[in-house]
Amino acid sequence: MKFYWENKPDSDMAQRQALRYSWESDKNMNKCIIRIVDWFRFYTFEYVGNAIRLVVTPLTDRCYITLTQAMNLTMGGAPAGPAGTGKTETTKDLGRGCGIYVVVFNCSDQMNKDSMAQIFMGLSQSGAWGCFDEFNRILIEVLSVVSTQVKCVLDALKEKKTKFAFTELGEINLQDTVGFFITMNPGYAGRTELPENLKALFRSCAMVVPDLVLICENMLMSEGFVQAKDLSRKFVSLYMLSRELLSKQRHYDWGLRAVKSVLRQAGKLKRSDPEIPEDPLLMRALRDFNMPKIVTDDKPIFLRLIGDLFPRVECPSKSNPEFTKISHDTAKKDMGLLAEDAFVIKIVQLAEILEVRHCCFIIGPPGCGKTAVWKTLVASYKNNNQDCEYDTLNPKAVSSDELFGAYNKAKEWKNGVLSVIMKNQVKNDDKYKPTQFHKWSVLDGDIDPEWIESLNTVMDDNKVLTLVSNDRIPLSPQMRLIFEISNLKNATPATVSRAGVLFINDTDIGWNPYMNAWLDRSTIKILQGTREGANLP
Ligand SMILES: Nc1ncnc2c1ncn2[C@@H]1O[C@H](COP(=O)(O)OP(=O)(O)OP(=O)(O)O)[C@@H](O)[C@H]1O
Ligand SMILES: [Mg+2]
Numbered sequence: 407m408k409f410y411w412e413n414k415p416d417s418d419m420a421q422r423q424a425l426r427y428s429w430e431s432d433k434n435m436n437k438c439i440i441r442i443v444d445w446f447r448f449y450t451f452e453y454v455g456n457a458i459r460l461v462v463t464p465l466t467d468r469c470y471i472t473l474t475q476a477m478n479l480t481m482g483g484a485p486a487g488p489a490g491t492g493k494t495e496t497t498k499d500l501g502r503g504c505g506i507y508v509v510v511f512n513c514s515d516q517m518n519k520d521s522m523a524q525i526f527m528g529l530s531q532s533g534a535w536g537c538f539d540e541f542n543r544i545l546i547e548v549l550s551v552v553s554t555q556v557k558c559v560l561d562a563l564k565e566k567k568t569k570f571a572f573t574e575l576g577e578i579n580l581q582d583t584v585g586f587f588i589t590m591n592p593g594y595a596g597r598t599e600l601p602e603n604l605k606a607l608f609r610s611c612a613m614v615v616p617d618l619v620l621i622c623e624n625m626l627m628s629e630g631f632v633q634a635k636d637l638s639r640k641f642v643s644l645y646m647l648s649r650e651l652l653s654k655q656r657h658y659d660w661g662l663r664a665v666k667s668v669l670r671q672a673g674k675l676k677r678s679d680p681e682i683p684e685d686p687l688l689m690r691a692l693r694d695f696n697m698p699k700i701v702t703d704d705k706p707i708f709l710r711l712i713g714d715l716f717p718r719v720e721c722p723s724k725s726n727p728e729f730t731k732i733s734h735d736t737a738k739k740d741m742g743l744l745a746e747d748a749f750v751i752k753i754v755q756l757a758e759i760l761e762v763r764h765c766c767f768i769i770g771p772p773g774c775g776k777t778a779v780w781k782t783l784v785a786s787y788k789n790n791n792q793d794c795e796y797d798t799l800n801p802k803a804v805s806s807d808e809l810f811g812a813y814n815k816a817k818e819w820k821n822g823v824l825s826v827i828m829k830n831q832v833k834n835d836d837k838y839k840p841t842q843f844h845k846w847s848v849l850d851g852d853i854d855p856e857w858i859e860s861l862n863t864v865m866d867d868n869k870v871l872t873l874v875s876n877d878r879i880p881l882s883p884q885m886r887l888i889f890e891i892s893n894l895k896n897a898t899p900a901t902v903s904r905a906g907v908l909f910i911n912d913t914d915i916g917w918n919p920y921m922n923a924w925l926d927r928s929t930i931k932i933l934q935g936t937r938e939g940a941n942l943p
């Protein structure tokens with residue numbers, strides 16, 4: 407193993423490419439200095455907490471070098487690439503490495519020049535970094551004003567000023583640590599091409615293919631797996647083969663986000679059953695966690711692939727018999743439904759997905775039992791002494807302004823439906839209480855990039871809803887977003903990769919239980935002598 411601090415001639419470049427820390431003191435200063443290639447900065451001691459750091463891969467190194475070199479040239483950084491390649495997280499990780507607070511904003515077409523000006527003024531005065539996610543969703547008219555605002559700050563930085571006049575809004579202080587980073591998915595629906603004068607202010611960095619095997623190996627190791635090297639190769643091969651051999655469904659995602667959620671699940675299984683060998687354990691995680699999203703036709707192919715990668719390995723599904731029994735009884739007694747096995751399995755699968763992901767799409771054709779599944783899960787939680795409260799809304803019934811909030815003509819902020827629900831859940835207002843185990847926002851309505859991409863920072867690792875008023879609503883650990891939809895036709899890959907998927911096939915539950923449950927109810931009413939109430943002819 408080669409350590410970066412070994413100052414051998416052949417390790418010199420490798421050493422210079424990594425973030426290096428040194429404590430330097432003389433009679434004038436006593437400081438921690440961070441270096442990477444020829445960029446250096448004093449460590450700023452912002453409290454970053456015990457956050458999960460990323461696996462250092464050649465791609466993250468390249469991104470660090472490009473972003474820091476951009477700062478050397480007094481420019482912003484612009485990592486661009488497909489969804490889930492680590493653009494946002496790498497920027498945040500570099501900030502954590504430098505002890506700088508990174509504020510992530512979810513840009514949207516609702517943003518205007520005033521809200522952007524407020525952000526730039528705040529960042530310049532505090533010296534924090536701004537990471538503008540999905541920057542190219544901002545309208546082109548606003549972007550051209552934004553370029554003058556960014557240029558104004560960068561010019562002041564170049565001139566090493568400590569105070570400067572920010573556009574026509576007056577003189578403000580300037581901390582030289584400030585940095586601007588924009589992350590974009592070029593070419594997705596609802597994105598604009600950046601104007602040339604704005605492009606010239608940011609140095610771009612292509613983030614295309616993350617180093618999956620390295621990330622997988624290191625994360626398996628950190629979850630406690632000993633044979634991480636072999637298992638990571640199998641893991642990544644399965645995902646590559648699934649991408650090629652399974653049918654092309656809009657809700658399939660075999661990228662980094664999907665890999666990470668299975669790794670988390672595998673870690674949980676490892677800790678709960680430490681004596682089971684690692685091969686079957688990973689196989690169980692891969693199979694049980696992916697099956698809920700696989701369509702009926704692809705199930706045999708997927709199981710065969712797993713069988714080929716883990717030959718002669720047997721590992722039955724880990725079930726939670728108590729919760730399954732509670733769900734079964736709840737469906738039957740409380741909900742008046744027929745507790746068929748297929749239905750109960752879907753309820754348990756939904757509960758399992760919600761344990762590792764905070765957003766979930768329940769996808770299925772109309773009438774396949776989507777609402778019945780989540781409502782029965784709510785009732786099962788209650789019967790299991792876990793209070794669960796939820797709010798339902800149809801995001802397509804209101805405009806984006808009514809959903810997230812907007813300024814009216816008098817420049818007063820008016821909250822939107824979703825922002826009110828989420829604020830209530832965070833602040834335990836209205837029907838929400840601190841004792842509740844689960845707080846859900848159920849969004850029942852078609853997905854289109856216009857509104858759902860404003861939830862991008864809520865649905866990824868940041869877990870904050872950023873509004874145009876510059877309000878930030880962080881998700882608490884009890885909060886979940888459930889989307890009930892019939893397809894993901896209009897969703898971009900950025901949306902698809904951000905949530906877990908429970909797919910309900912036509913045939914999974916079918917119409918039989920529906921008919922039988924109705925017959926049961928009718929029979930009871932007939933026996934009670936209320937033939938009319940039974941709604942029979
Ligand atoms: N080097 C790495 N080591 C470990 N995890 C990583 C690494 N790079 C990225 N990830 C993980 O991949 C996931 C996706 O990263 P991120 O949210 O930054 O993607 P993105 O490129 O910003 O995607 P989008 O364009 O959809 O916003 C995160 O959960 C992140 O933690
Ligand atoms: Mg991102």
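Residue 407 is where the sequence shown starts when you use the working numbering, and the numbers rise one by one after that. The beta-carbon is built from N, C-alpha and C at its ideal position, and this holds for glycine as well.
Where C558 is concerned, the enclosing alpha helix (DSSP H) starts and stops at I546 to K564. Distances between the C-beta of K666 and the heavy atoms of ligand 2 are all 7 angstroms or more. In this structure, the C-beta of T589 approaches ligand 2 to less than 7 angstroms from one of its heavy atoms. When DSSP assignments are scanned along the stretch 507-542, the uninterrupted stretches of beta strand (DSSP E) that are 3 or more residues long and fall wholly within it turn out to be 508-512 and 535-539.
Apart from sequence neighbours up to five positions away, the residues of its chain that approach V848 with a beta-carbon distance below 6 angstroms are Y796, T798 and I888, ordered along the chain. In terms of side-chain proximity, the C-beta atom of K493 is found nearer than 7 angstroms to a non-hydrogen atom of ligand 2.
Cβ neighbours of V619 within its own chain (closer than 6 angstroms, five residues either side excluded): S638 and V642.
For the pair G483 and T472, the CB atoms are nearer than the 8 angstroms cut-off.
8 angstroms or more divides the Cβ of I732 from the Cβ of S648.
For the options K869, N868, I759 and K738, the alpha carbon positioned closest to that of V750 is the one of K738. Distance from the CA atom of T466 to the CA atom of A897, rounded to whole angstroms, is 28 angstroms. A buried status is given to Q671, since no fewer than 16 other beta-carbon atoms sit within 10 Å of its beta-carbon. Rounded to whole angstroms, the separation of the alpha carbons of K833 and D694 is 35 angstroms. Between L580 and K564, the C-beta gap is not smaller than 8 angstroms, which leaves the two residues out of contact. Judged by their CB atoms, R690 and K666 are not nearer to each other than the 8 angstroms cut-off.
M646 has its alpha-carbon roughly 28 angstroms from the corresponding atom of D679. Under the three-state reduction of DSSP, C622 is assigned to helix.
The closest heavy atom of ligand 2 lies less than 7 angstroms from the beta carbon of D539.
The alpha-carbon separation between L871 and C611 amounts to approximately 26 angstroms. Counting C-beta pairs with one atom in each stretch, the stretch 801-814 and the stretch 855-872 have three or more that are closer than 8 angstroms, which means they touch.
Nearest neighbour of A803 by Cα position, chosen from S514, W819 and L824, turns out to be L824. According to the DSSP secondary-structure assignment, I769 is paired through a beta bridge with I891 and F909. In the three-state reduction of the DSSP assignment, F631 falls in the coil class.
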